[in-house]
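J.:
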Amino acid sequence: MSGDKNEDFLIAHLLEETYQSLPSHDESSPLTNLNAHFDHHHSLSKYDLDPTLDNFLNRQASKTHRLEYKASIGCYRIELAHQKIDLPGNWGAFARLGREVTFVNLNNDELSELLATLLGREVQCVLIGSFGNARISFFENEDDISIKWLEKYFAGLEKKEAA
């Protein structure tokens, strides 16, 4: 019985804090969508990659671009070749991004072809991040070793999380 009271208290406390962090609104405005609210706040929070992964990307990737998440339109924005491109958040690889840091190999993805066209050369692309906080890293086309290292790194993370 005491466990139920503690659980109810915790839920009530979390709801109270959530509603206090929401922008105030009057009776005439529609209810705020909590999912959109949490997605927006998650996209604003800066995350740091594991130092091993961050160091590897800094050393091995030919370029890395942070993607800016635009919650108002549900898109990730990247600036490449002096162009701003908005990529829908529910499109292909971006739909796989969740709350945990994820790795997506874009080499067989239509996004890779689009980015190669903008860069003017063939490259290997990977998407690393979580919902609202992502980056695309480019590797030389011949650099299969780096892609395999990333695959092993993230496979090891998945094993740790499952344990």
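Heads up: the sequence shown begins at 279 in the working numbering, then just goes up one per residue. Glycine included, each C-beta is placed from N, C-alpha and C at the ideal position. What you are looking at is a predicted structure, and each value in this text was computed from that prediction instead of being measured.
(1) Tell me the start and end of each unbroken beta strand (DSSP E) in the stretch 372-419 that is at least 3 residues and wholly inside, in chain order.
(2) Rounded to the nearest angstrom, how far is the Cβ of Asn419 from that of Gln402, given a contact under 8 Å?
(3) Does the Cβ of Asn333 have 16 or more other Cβ atoms within 10 Å, making it buried, or fewer, making it exposed?
(4) Flag this pair as touching only if the stretch 427-434 and the stretch 358-369 have three or more C-beta atom pairs under 8 Å; answer yes or no.
(5) From what residue to what residue does the alpha helix (DSSP H) around Gln332 run?
(6) Taking Val404 and Ile423 to be in contact with their CB atoms under 8 Å, please state how far apart those CB atoms are, rounded to whole angstroms.
(7) Write down the C-beta distance between Ile414 and Leu345 rounded to the nearest angstrom, noting that I regard them as a contact closer than 8 Å.
(8) Can you tell me which of the three DSSP states Ile423 falls into?
(9) Pick helix, strand or coil for Ile363, following the three-state DSSP scheme.
T.: Judging by the given coordinates:
(1) 380-383, 401-408, 411-418
(2) One-based indexing of the sequence shown puts residue 419 at position 141. One-based indexing of the sequence shown puts residue 402 at position 124. Between Gln402 and Asn419 the Cβ distance is about 6 Å, and since that is below 8 Å, they are a contact.
(3) Within the sequence shown, residue 333 is the residue found at index 55, counting from 1. Burial call: exposed.
(4) no
(5) Residue numbering aside, residue 332 sits at position 54 when the sequence shown is read from its first letter. Checking the displayed sequence, the identity of residue 332 turns out to be Asp instead of Gln. Unbroken alpha helix (DSSP H) run through Asp332: 329-338.
(6) The residue you call residue 404 lines up with position 126 of the sequence shown. The residue you call residue 423 lines up with position 145 of the sequence shown. Not a contact, Cβ separation roughly 13 Å.
(7) If you number the sequence shown from 1, residue 414 lands on position 136. If you number the sequence shown from 1, residue 345 lands on position 67. Going by Cβ atoms, the distance from Ile414 to Leu345 rounds to 6 Å, so yes, they are a contact pair.
(8) The count along the sequence shown starts at 1 and reaches residue 423 at position 145. Of the three classes helix, strand and coil, the one that applies to Ile423 here is helix, per DSSP.
(9) As a position in the sequence shown, residue 363 is number 85, starting the count at 1. If DSSP states are grouped into helix, strand and coil, Ile363 belongs with the strands.
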